[in-house]
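Chemist: Questions regarding the structure given below will be posed in turn.
In our numbering, the protein residues as written are 4 to 141.
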């Protein structure tokens with residue numbers, strides 16, 4: 004069964020989590036890295052095009068080119084996955100900015116309704132399983 008949580012204790016725990024939300028672990032400035040990855044991806048696509056031209060010209064053994072093509076495809080897949088991860092982080096940037104604003108909020112001075120609104124702007128769900136409280140951020 005679930006532990007019965009007193010509302011004030013649960014609120015205290017949640018506000019503590021909000022205040023200690025780790026900004027360091029979520030790198031906010033990923034723009035440069037994203038540009039760099041997009042450039043690298045373009046370079047790999049250009050290499051792939053040149054390799055196709057070599058295939059078509061028939062001046063190389065197909066077996067020689069297959070290995071190179073596999074390497075290029077692997078690089079392309081890697082960069083695409085990195086770009087996707089960076090896009091995800093950019094979405095999280097908004098959350099971080101909200102949390103950064105919140106870090107400057109003095110929760111003790113807020114009315115209950117204001118606290119609720121602040122927390123609703125950050126938290127999607129709170130899961131309670133016995134002693135375990137898990138916060139799913141928006």
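Every residue, glycine too, gets a C-beta built ideally from N, C-alpha and C. Predicted, not measured: the structure shown is a model, and the values here were computed from it.
Return the Cβ separation of residue 40 and residue 95 in integer angstroms, given the expectation that the two are a contact with Cβ distance under 8 Å.
Modeler: Their Cβ separation, rounded to whole angstroms, is 17 Å, which puts residue 40 and residue 95 out of contact at 8 Å.
Chemist: Pull up the CB-CB distance for residue 98 and residue 17, whole angstroms please, since I reckon it's below 8 Å.
Modeler: Actually they are not in contact, since the Cβ atoms of residue 98 and residue 17 sit about 15 Å apart, beyond 8 Å.
Chemist: DSSP has residue 119 in a bridge; who is on the other side?
Modeler: According to DSSP, which records beta bridges pairwise, residue 119 is partnered with nothing at all.
Chemist: Straight-line CA distance for residue 21 to residue 73?
Modeler: Looking at the two C-alpha atoms, the distance is approximately 46 Å.
Chemist: Within 10 Å of its beta-carbon, does residue 83 have 16 or more other beta-carbons around it, so buried, or fewer, so exposed?
Modeler: Its Cβ having fewer than 16 others within 10 Å, residue 83 is exposed.
Chemist: Could you give the distance in angstroms between the alpha-carbon of residue 62 and the alpha-carbon of residue 56?
Modeler: If I take the Cα positions, the gap works out to 10 Å.
Chemist: Is it buried or exposed, residue 75, if we count other Cβ atoms within 10 angstroms and call 16 or more buried?
Modeler: Classification of residue 75: buried, given that the 10 Å Cβ count is 16 or more.
Chemist: May I ask you to list the residues that DSSP assigns as paired with residue 137?
Modeler: Looking at the DSSP assignment, residue 137 forms a beta bridge with 130.
Chemist: How long is the line joining the alpha carbons of residue 113 and residue 127, rounded to whole angstroms?
Modeler: Their Cα atoms are separated by approximately 21 Å.
Chemist: According to DSSP, simplified to helix, strand and coil, what is residue 53?
Modeler: In the structure shown, residue 53 sits in a helix (DSSP, three-state: H, G or I).
Chemist: Which residue's Cα is closest to the Cα of residue 121: 140, 136 and 44?
Modeler: Among 140, 136 and 44, the Cα nearest to that of residue 121 belongs to 140.
Chemist: Please name the residue, chosen from 7, 110 and 86, that lies closest to residue 15 on a Cα-to-Cα basis.
Modeler: Nearest of 7, 110 and 86 to residue 15, Cα basis: 110.
Chemist: Would you report the Cα separation of residue 51 and residue 37, rounded to the nearest angstrom?
Modeler: Residue 51 and residue 37: Cα-Cα distance of roughly 21 Å.
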